[in-house]
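Engineer: For the sequence shown, position 179 matches number 195 in our numbering, and the numbering has no gaps at all.
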Amino acid sequence: MLDNFREWLSDNLRYILLGLAILVVLVVLFFGAKALFGSGDKDKGSEPKQKTEQEKTSGGSEKSDDSSKDAQDTNTEDKDALQKNAYPEVNAIINTFYTAWGNKDIDSMKRVTDSFDSADEAKVLNSTYIESYSNIDTYTKKGLTEGSYVVFVSYDLKFVDIDTPAPGLTQVYVETDDEGKVYIHKDDDDKEVQDYIAKVVQEEDVKELISKVQKEFQEAQESDDKLREFEDQLGSETTTASMAADGSTVSAINGCNVRAEADTDSEKIGELEAGEQVKKIENADNGWIKIEFDGKTGYVRGDLLQ
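1. If distances are taken between C-alpha atoms only, which option among Leu185, Gly311, Leu173, Gly271 comes closest to Phe246?
2. Is the stretch 140 to 148 in contact with the stretch 186 to 196, if contact means three or more CB pairs nearer than 8 Å?
3. For the alpha helix (DSSP H) holding Asn111, just list the boundary residues, first then last.
4. Please report the distance separating the alpha-carbon of Asn111 from that of Leu320.
5. Quick one: grab the DSSP three-state call for Ile146.
6. Taking the C-alpha atoms as reference points, what is the distance between Asp13 and Val316?
7. Hey, which unbroken runs of the beta strand (DSSP E) at 3 residues or more fall wholly within the stretch 213 to 270?
8. Please tell me whether Lys202 and Thr313 are closer than 9 Å, where the distance is taken between their beta carbons.
9. Within this structure, are the beta carbons of Leu160 and Tyr199 separated by less than 9 Å?
10. By the three-class DSSP mapping on this structure, what secondary structure does Leu160 have?
11. Sorted by chain position, which residues of the same chain lie with C-beta nearer than 7 Å to Leu52's C-beta, five sequence neighbours on each side aside?
12. Hey, how far is the Cα of Asp221 from the Cα of Leu98?
13. Ala276 and Ile269 - do their beta-carbons sit closer together than 9 Å?
Written out as structure tokens, the structure reads:
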């Protein structure tokens, strides 16, 4: 019987091997196709997820870029913004200068400036109607060079025999010497500095400060008839134009007309823009200021200049 099985196996072996080979091929094809289509389905299922993740990443990146841009813009604005009482050494010399003005202390004023001539002295000594400066605050912007500043000084100006102080605002330029000491630069003929100040005055936060002080001044006048009458007589809302020395620079508080004579009915010969600077020649009658304008003489009401 065993011999018969061996004989049968020998006769049919090639058919058995062929069948096994076909079976192996079928198995390979089956599992290969399953793997192939399964992988395709998996890729299809993961593609939206990958796309979503990419979109999220892209969206996050865009959002991050926007946030970064906003932060840069904010930093730029903060860097250029007015800074209130930010520099103690600047605050100190400004307080010294205006306190000395109220006290008619010429020596102290000279110590904190680089120039203080006889005309400046006369201006201080002749302003006998000024009793004191108080509530002095400084608002600074960076100047043309390292250690220099455009300084806007706000204060309450107390006049003799008038109870209500008048809010005021003026600007000065502060520099630092080689030894690190700050001082007020008072050269009105320094065109580069004067042009830079005129540019800074046009900036929005400075305009807002000017408007704020102007509003406070008007409110003070409305609360005290005596102050209003005195200011009308003095001819300068901010009290700076009429007190400025002849030959010094004054600037327009807002846009205003320039007249040929010291009269509102006189011929209009031009206009000044807010912050535009001109050279003062002298005080004219009835609160007007005589100025140099386009190579000729003109007149502007003192309450429109500072």
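Every residue, glycine too, gets a C-beta built ideally from N, C-alpha and C. For clarity, every value in this text was computed on a predicted model and none was experimentally measured.
Structural biologist: Let me lay it out:
1. Closest in C-alpha terms to Phe246, from the list Leu185, Gly311, Leu173, Gly271, comes Leu173.
2. Verdict: no, contact absent.
3. Taken as a continuous stretch (DSSP letters only), the alpha helix (DSSP H) holding Asn111 covers 104 to 119.
4. The straight-line gap from Cα to Cα measures roughly 26 Å.
5. It is a strand residue.
6. What the structure shows of the chain is the stretch from 17 to 322, and residue 13 is not part of that stretch, so it cannot be assessed.
7. Complete beta strand (DSSP E) runs here, min 3: 265 to 267.
8. A distance of 9 Å or more separates the beta carbons of Lys202 and Thr313.
9. Not closer than 9 Å, so no.
10. Leu160 falls in the coil class under three-state DSSP.
11. With a pLDDT of 47 at Leu52, under the threshold of 50, the modelled position of that residue is not reliable, and no figure is offered here.
12. Counting only the Cα atoms, Leu98 lies some 7 Å from Asp221.
13. Taking 9 Å as the Cβ cut-off, Ile269 and Ala276 do not qualify as a contacting pair.
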